[in-house]
Amino acid sequence: MNAFARVREDIAAAKLRDPAARSNLEIAVLYSGLHAIWSYRVAHVLWARGLRFPARALSQLTRWLTGIEIHPGAQIGRRFFIDHGMGVVIGETAEVGDDVMLYHGVTLGGRTRAEGKRHPTLGDGVAVGSGAKILGPITIGAGSVVGANAVVTHDAAEDSILVGVPAKPRPRTNGEDTRAILTAPEYFI
Numbered sequence: 012m013n014a015f016a017r018v019r020e021d022i023a024a025a026k027l028r029d030p031a032a033r034s035n036l037e038i039a040v041l042y043s044g045l046h047a048i049w050s051y052r053v054a055h056v057l058w059a060r061g062l063r064f065p066a067r068a069l070s071q072l073t074r075w076l077t078g079i080e081i082h083p084g085a086q087i088g089r090r091f092f093i094d095h096g097m098g099v100v101i102g103e104t105a106e107v108g109d110d111v112m113l114y115h116g117v118t119l120g121g122r123t124r125a126e127g128k129r130h131p132t133l134g135d136g137v138a139v140g141s142g143a144k145i146l147g148p149i150t151i152g153a154g155s156v157v158g159a160n161a162v163v164t165h166d167a168a169e170d171s172i173l174v175g176v177p178a179k180p181r182p183r184t185n186g187e188d189t190r191a192i193l194t195a196p197e198y199f200i
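Take any residue in the sequence shown, note its place counting from 1, add 11, and you have its number in this note's numbering.
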């Protein structure tokens, strides 16, 4: 997929996930989450080519401009969307699947300084509420939802709903909508 097709796909994903989005132009010019992911993609290419310092410099410049820090070593899938974005941190060994959505203040962080995998893996279609912290080399299964301000330190099966501190999974009921779950008052802490 060429760069322009990827940009169009990102804009369409933002429009799909943000009911406040009015136009493609507004999304392209004003959405800091998209600016951060576009910058990440350039930094990731530099990182993969062994140009570590320029990659990190670009990621830090982007952090300064957007308030979103994505390490260039992270692996991020297609149609990734960060809504509002300020305070999002994604660590070096994090892996993010396709169609994932994060709200502001989310951390995909580590719990150790050891070499190797230190950050979480999010499956396809995961949604993470504002302020949630997902820590360590854990896996959140596809289609799962992490509630606002949850602290997740253990693996979760597909289609889990994780709420609380520490987060405890509960099964999803039939027909439960991800967007509705993230806005329901009972999932806030």
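Idealized CB from N, CA, C, for every residue including glycine. Here the structure is a predicted model, which means the values were calculated and not measured.
- Looking at the DSSP output, GLN86 bridges to GLU106.
- Per DSSP, VAL174 is one residue of the beta strand (DSSP E) stretching across 171–174.
- One Cα belongs to GLY96, the other to ILE145, and the distance between them is close to 16 Å.
- With fewer than 16 other beta carbons inside 10 angstroms of its own, VAL176 counts as exposed.
- With a cutoff of 8 Å on beta-carbon distance, ALA31 and ALA25 are scored as not near each other.
- The beta carbons of ALA47 and ILE81 sit about 6 Å from each other, so the pair counts as a contact at 8 Å.
- The way I'd put it, the stretch 130–141 does touch the stretch 149–157; three or more beta-carbon pairs between them come closer than 8 Å.
- Judged by DSSP in its simplified three-state form, VAL111 adopts coil rather than helix or strand.
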